[in-house]
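First comes the structure, then the notes that go with it.
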Amino acid sequence: MRRLSLWMRAHPVAGDSAVAMLLLVPEVLIFLVDSAGTTTPVRYVLASALLVGPLALRRTMPIPAACTVLLGLLVQQLDQATMVTRPASLALEITLYTLVAYVGRKVAALYTAAVFVLSAVGTVQQATGFFEAGLAVALLFLLLQQGVQLAFCWVLGEFVGARRAYQAEVEHRLRSLEFEQDQQARIAVAEERNRIARELHDVLAHSVSVMVTQADGAAYALRSKPELAEQAVHTIGTTGREALTELRSLLQVLRNPQEETGRERSPQPSISAIESLVERVRALGLPIELELDGDLKNLPAGLGLGVYRIVQESLTNVLKHAGWKASASVRIGHDGQCVEIDVSDTGAKGILPPLASGGNGMVGMRERATAYGGSFEAGPRDGGGWRVHAALPLTGLPLSRSASAQGPLS
Numbered sequence: 001m002r003r004l005s006l007w008m009r010a011h012p013v014a015g016d017s018a019v020a021m022l023l024l025v026p027e028v029l030i031f032l033v034d035s036a037g038t039t040t041p042v043r044y045v046l047a048s049a050l051l052v053g054p055l056a057l058r059r060t061m062p063i064p065a066a067c068t069v070l071l072g073l074l075v076q077q078l079d080q081a082t083m084v085t086r087p088a089s090l091a092l093e094i095t096l097y098t099l100v101a102y103v104g105r106k107v108a109a110l111y112t113a114a115v116f117v118l119s120a121v122g123t124v125q126q127a128t129g130f131f132e133a134g135l136a137v138a139l140l141f142l143l144l145q146q147g148v149q150l151a152f153c154w155v156l157g158e159f160v161g162a163r164r165a166y167q168a169e170v171e172h173r174l175r176s177l178e179f180e181q182d183q184q185a186r187i188a189v190a191e192e193r194n195r196i197a198r199e200l201h202d203v204l205a206h207s208v209s210v211m212v213t214q215a216d217g218a219a220y221a222l223r224s225k226p227e228l229a230e231q232a233v234h235t236i237g238t239t240g241r242e243a244l245t246e247l248r249s250l251l252q253v254l255r256n257p258q259e260e261t262g263r264e265r266s267p268q269p270s271i272s273a274i275e276s277l278v279e280r281v282r283a284l285g286l287p288i289e290l291e292l293d294g295d296l297k298n299l300p301a302g303l304g305l306g307v308y309r310i311v312q313e314s315l316t317n318v319l320k321h322a323g324w325k326a327s328a329s330v331r332i333g334h335d336g337q338c339v340e341i342d343v344s345d346t347g348a349k350g351i352l353p354p355l356a357s358g359g360n361g362m363v364g365m366r367e368r369a370t371a372y373g374g375s376f377e378a379g380p381r382d383g384g385g386w387r388v389h390a391a392l393p394l395t396g397l398p399l400s401r402s403a404s405a406q407g408p409l410s
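Be aware that the sequence shown starts at 1, since it is given in UniProt numbering, and climbs by one per residue.
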């Protein structure tokens, strides 16, 4: 079911067209079985298609689709010979659900009123034939029957619309948070580059000026005062070596290509920033239990960054896929040999499928763990929900099976 739901989200026209066919085919079959020559098949199928066909565009063009459905209902009510049965009439409820969930309440209210008016027209036409008690009873029956059906679809549409708004808000906040962090990193890189440029100018301008002056003096004193020339050459060598050392130190920050993007440059987050990360995610509405075991303050900077990124991506996945009423726990332990990360959640507790995912987050976490010689596991946990577990050795060497199995969180 999850794969089907994700496929329909990714292909709305194809998925909605399939739903329309599921309503139209039974309708035609019922007509072929029960019709007694009341109308021609072509006339009936065209009238039914006018009512059901717009469902194929209900999510991509909801308002035009709703107008076409109302037109189909009008044709059905004015021509009782083409009156559809239950399968095709579900198009009315499905359209209302779509308008409430994807468009808004005002449009949905207008649509509901139009459905009642058009249905009342048909009821007035057939009241004498089907309702011996008269028109009032017929209209009351219409109000009760269709009112209950449309009310249920309205409530369902409200729930789905609220769910979509929540998911959109979470994704917007996550994108804003990521953009803010990226901008801060880029500003830090720009400031670092300016500092490097200033220091390069100071070091190279001073050193090169000294070397040029000493070289000119050595050339002048080479014949008349060779001892001064020798001293000048020695000064040139010393100054050049000092400048080369400082130059290498300054250029070291530019050697990693990832640092050019501004995503891996200082200030880089570490384990010390995990608590603030958890607080930010809690502010989005996700209850999180955080547990930190062992001495985590003196970890290598690169390892701390890897731990932070794994926890960050895991919590992002919880927000995307677990949804409403879920809770999460984050446990980080350190036993002197490796750091273990365990992030788990209670799972989705709604009737709606999770949002689709591209799967890049899992790949990124696995690559980070592998880069430090660690292990990474992710999958469903007993009792429902999802669990991410990673073990990163301090030495950067691959962990043995026994070491990873007997970590601080085992």
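Note that CB positions come from ideal geometry on N, CA and C, so glycine has one too.
Taking the CA atoms as reference points, G157 sits about 8 Å from L99. In the same chain as S270, and ignoring 5 residues on each side of it, the C-beta atoms closer than 7 Å to its own belong to A301, G304, L305, Y308, in chain order. In the three-state scheme derived from DSSP, where H, G and I count as helix and E and B as strand, G302 is classed as helix. For E377 and S314, the gap between their C-alpha atoms comes out near 12 Å. Of D345, M365, G161, the smallest CA-CA separation from V103 is found for G161. Distances from the alpha-carbon of S344 to those of S327, C338, L74 put S327 closest. Beta bridge pairing from DSSP links W386 with P380. When the beta-carbon positions are compared, A88 and L23 come within less than 8 Å of each other. In the structure shown, the three-state DSSP call for S176 is helix.
Between G384 and G336 a beta carbon distance of about 34 Å is seen, past the 8 Å cut, so the two are scored as non-contacting. Between the region 47–54 and the region 66–77 there are three or more C-beta pairs closer than 8 Å, enough to call the two in contact. Cβ-Cβ distances below 7 Å link P62 to T98, L99, Y102, V103 in the same chain, with the five nearest sequence neighbours on each side left out; the list follows chain order. Close CB contacts of L228 within its chain, under the 8 Å cut and outside five residues either way in sequence, are with G217, A218, A221 (chain order). Nearest C-alpha to S272 among P287, R248, N298, A283: N298.
Nearest C-alpha to A14 among A369, A91, D382, P54: P54.
When rounded, the separation of the alpha-carbon atoms in T239 and P226 is 20 Å. The residue from V69, V155, A120 with its alpha-carbon nearest to that of F141 is A120. With respect to the C-alpha of P287, the residue from L319, L296, G294 having the closest C-alpha is L319.
The beta carbon of L296 lies closer than 6 Å to those of I271, H334 in the same chain, with the five residues before and after it left out. Of the residues V19, S17, Y44, A18, the one whose Cα lies closest to the Cα of I30 is Y44. Sixteen is the threshold: since fewer than 16 other Cβ atoms of the shown chains lie within 10 Å of the Cβ of S276, the residue is exposed.
If you draw a 10 Å sphere on the C-beta of S375, you find 16 or more other C-beta atoms in it, and that means buried. Counting every other CB atom within 10 Å of its CB across the protein chains shown gives H234 a total below 16, marking it as exposed. Burial is judged here by how many other beta carbons sit within 10 angstroms of a residue's own beta carbon; Q214 has at least 16 and is buried. With contacts defined as CB atoms closer than 8 Å, L70 and W154 fail to qualify as a contacting pair. With respect to the 8 Å criterion, I94 and R58 are classified as neighbours on the basis of their beta carbons.
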